[in-house]
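In the numbering used here, the protein residues as written are 334 to 525.
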Ligand SMILES: Cc1cc2nc3c(=O)[nH]c(=O)nc-3n(C[C@H](O)[C@H](O)[C@H](O)COP(=O)(O)O)c2cc1C
């Protein structure tokens, strides 16, 4: 069975990115994939401290909940990331997880070791929500960060759903077009 990892990056439960991610999860499940949701705010993930420990073996030396996330990130066929826009970027919780993927960067570019088993690759999708009503430049930072994150994981940036004008917790619940797009994105993720 194909696997999809859904990474939930907002500290706000039941918010806009949560709702969209849940629709994408249902879409992925409808396509026959097994989906695992990673709720970052429930995990203890310290930020990278740039100790260089991962340069030795391509493994992070910080022993916290990130250790259980590493395996999931490279043993999956698809990754869906959902985050609110915070000060023009992704949430701090998500950024901490991404920065800890410096261990994969070290594997690839210093130790010249594979990041994934065999020739396995994955498809990745970004869902981002923001309050501002105009999207100009609003998602540029987050898209660049997620592209770099997917790149280090040998994961193709297969698309995104970038939603502006969503401020309050339940704002997206009335936006049936966006919820449908999220469902479709999840359903089509592994065929993109
Ligand atoms: C700390 C913080 C920073 C934010 N920065 C921005 C921003 O730069 N631009 C924007 O349009 N909205 C910003 N917002 C609003 C959120 O992106 C918006 O409410 C989003 O829909 C929240 O998603 P969530 O409900 O999934 O948590 C910010 C909110 C917070 C709490």
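By construction, the Cβ of each residue, glycine as well, lies at the ideal position given by its N, Cα and C atoms.
Reference residue i, options the options, closest by Cα
i, options, result
"residue 304", "509, 491, 434", "Because the chain in this structure spans residues 334 to 525, residue 304 falls outside the shown range and cannot be described."
"residue 512", "496, 525, 501", "496"
"residue 494", "385, 352, 376", "352"
"residue 516", "364, 500, 436", "364"
"residue 335", "500, 460, 362", "362"
"residue 428", "388, 355, 374, 469", "374"
"residue 388", "419, 348, 443, 425", "443"
"residue 397", "376, 384, 509", "376"
"residue 370", "385, 354, 384", "354"
"residue 350", "337, 368, 477, 464", "464"
"residue 481", "383, 438, 509, 469", "438"
8 angstroms Cβ cutoff met for residue i and residue j
i, j, result
"residue 486", "residue 410", "no"
"residue 341", "residue 372", "yes"
"residue 456", "residue 502", "no"
"residue 462", "residue 423", "no"
"residue 339", "residue 357", "yes"
"residue 448", "residue 407", "yes"
"residue 467", "residue 488", "no"
"residue 440", "residue 360", "no"
"residue 393", "residue 436", "yes"
Endpoints, the alpha helix (DSSP H) within which residue i is located
i, result
"residue 477", "473 to 485"
"residue 353", "349 to 363"
"residue 510", "509 to 521"
Any chain B beta carbon closer than 8 angstroms to residue i
i, result
"residue 423", "Going by chain labels, chain B is absent from the structure shown, which holds only one protein chain."
Beta-carbon separation (whole angstroms), residue i vs residue j, contact threshold 8 angstroms
i, j, result
"residue 491", "residue 416", "Rounded, the Cβ-Cβ distance is 17 angstroms, inconsistent with contact."
"residue 519", "residue 413", "7 angstroms"
"residue 399", "residue 431", "Going by Cβ atoms, the distance from residue 399 to residue 431 rounds to 11 angstroms, so no, they are not a contact pair."
"residue 459", "residue 479", "5 angstroms"
"residue 418", "residue 472", "7 angstroms"
Delimiting residues of the beta strand (DSSP E) encompassing residue i
i, result
"residue 367", "367 to 372"
"residue 524", "Per DSSP, residue 524 belongs to no beta strand (DSSP E) and is neither H nor E."
"residue 336", "336 to 341"
"residue 504", "Residue 504 -> no beta strand (DSSP E), and no H or E assigned at all."
"residue 488", "488 to 496"
Where are the alpha helix (DSSP H) runs, 4 residues long or more, that stay fully inside the stretch 378 to 460, in chain order? The alpha helix (DSSP H) runs lying completely inside the stretch 378 to 460 and spanning 4 residues or more are 387 to 390, 399 to 407, 425 to 432, 435 to 442, given in chain order.
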